[in-house]
Amino acid sequence: MEKIVVLEDKYADTLGNLRGITGLKAAAEGDLIWLRGIDAVNTDKRVLSLPVLNTYLLDTNGLLFPSGGQTPVAKLPVLDWQVLKTFLPVQLPVSALPGKVFLHVDVRLARSERTREAFALLTDLSTWKAYAETAPETRLRALRFAVSAQAEVLVLGKPLPQLPGRTFWADDRLLIPTGYDLDPPVLATMLKADLFQAEDNLALFTPDNTWQAIPLSAFQAARRSAVRLTQLDHD
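Terminal number for the sequence shown in the UniProt record's numbering: 235, no gaps in between.
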């Protein structure tokens, strides 16, 4: 039989010691983390040291048995299982929020009285972590985020959390500060053609008329455990 363990996601950082164990997979379910692929006979001591909430044995029918029990108590839920190295986003993507890049045309922003719903929020990592610690899972599920080496966090989705920072509205993949518009607005068509011809990027504009390209691959789902495990390389 395969061993399954369940722990609270507040202990997600303890999984970092398990990266060297082959075959392990993890999945998030609310405030819980499920871990599978554990050898039931020769369980690694690093797994045994985890602050687990429950331990089960899994049979071929997907039934869960408590340790030492002969009667199944549940069925293994259908979860989004990921290999441990993928599940644990300890190091930031090197492409997340890169430095300034300039287009082949002059970019200008002008104040706009048109009201648009915000789609992105630029805040700092400590503020984002504090929010994710207590936010309802349903709110986090609608969001994605990317982090820079300067501890800036760009959050995408609706509804956005009410946090300190700058908000942006979206014109396709152009993120423009709320209260501003491109000047003239026809610039949007030119910029999209220039920016997106090579790869999938977002363009984040700032009121000082500069911008930066952010690969869509830099964003990850805002799971509570993912936010907790996000660290800067120099931390």
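Each residue gets a CB set at the ideal place from its N, CA and C atoms; glycine is no exception.
At what residue ranges does the segment 23 to 85 contain a whole run of the beta strand (DSSP E), taking only runs of 3 or more? 25 to 29, 32 to 39, 54 to 58, 63 to 66
Can you list, in chain order, the residues of its chain with a C-beta nearer than 7 Å to that of Pro66? Leave out the 5 residues immediately preceding and following it. Your numbering for residue 66 matches position 66 in the sequence shown. Here the set comprises Tyr56, Val73.
Around the Cβ of Ala142, are there at least 16 other Cβ atoms within 10 angstroms (buried) or fewer (exposed)? Taking the first residue of the sequence shown as position 1, residue 142 is located at position 142. Ala142 should be labelled exposed.
So is Gly30 buried or exposed if we call it buried at 16+ other beta carbons inside 10 Å? Locating residue 30 in the sequence shown gives position 30, where the first residue counts as 1. Exposed, because fewer than 16 other Cβ atoms sit within 10 Å of the Cβ of Gly30.
Report back the beta-carbon spacing between Leu84 and Leu15 to the nearest angstrom; my notes put them in contact at under 8 Å. Stepping through the sequence shown from its first residue, residue 84 is reached at position 84. Stepping through the sequence shown from its first residue, residue 15 is reached at position 15. About 7 Å separates the two Cβ atoms, so the contact holds.
Cα-Cα separation between Ala12 and Ser225, rounded to whole angstroms: Along the sequence shown, read from residue 1 onward, the residue named residue 12 stands at position 12. Along the sequence shown, read from residue 1 onward, the residue named residue 225 stands at position 225. Between Ala12 and Ser225, the C-alpha separation is close to 6 Å.
Kindly confirm or deny that the segment 109 to 125 and the segment 148 to 158 touch, where touching means at least three C-beta pairs closer than 8 Å. yes
So, does the segment 127 to 139 touch the segment 199 to 210, judging by three or more C-beta pairs under 8 Å? no
Let me check you understand the geometry: is the CB of Gly179 closer than 7 Å to at least one non-hydrogen atom of the ligand SAM? No copy of the ligand SAM occurs in the structure displayed, which carries no ligand at all.
Please report the straight-line C-alpha distance between Ala110 and Leu24, rounded to a whole angstrom. Translated into positions along the sequence shown, residue 110 becomes position 110. Translated into positions along the sequence shown, residue 24 becomes position 24. Taking the straight line joining both Cα atoms gives about 52 Å.
Apart from the five residues on each side of it in sequence, which residues of its chain come closer than 6 Å, Cβ to Cβ, to Gly37? Working through the sequence shown from its first residue, we reach residue 37 at position 37. Gly23, Leu24, Lys25.
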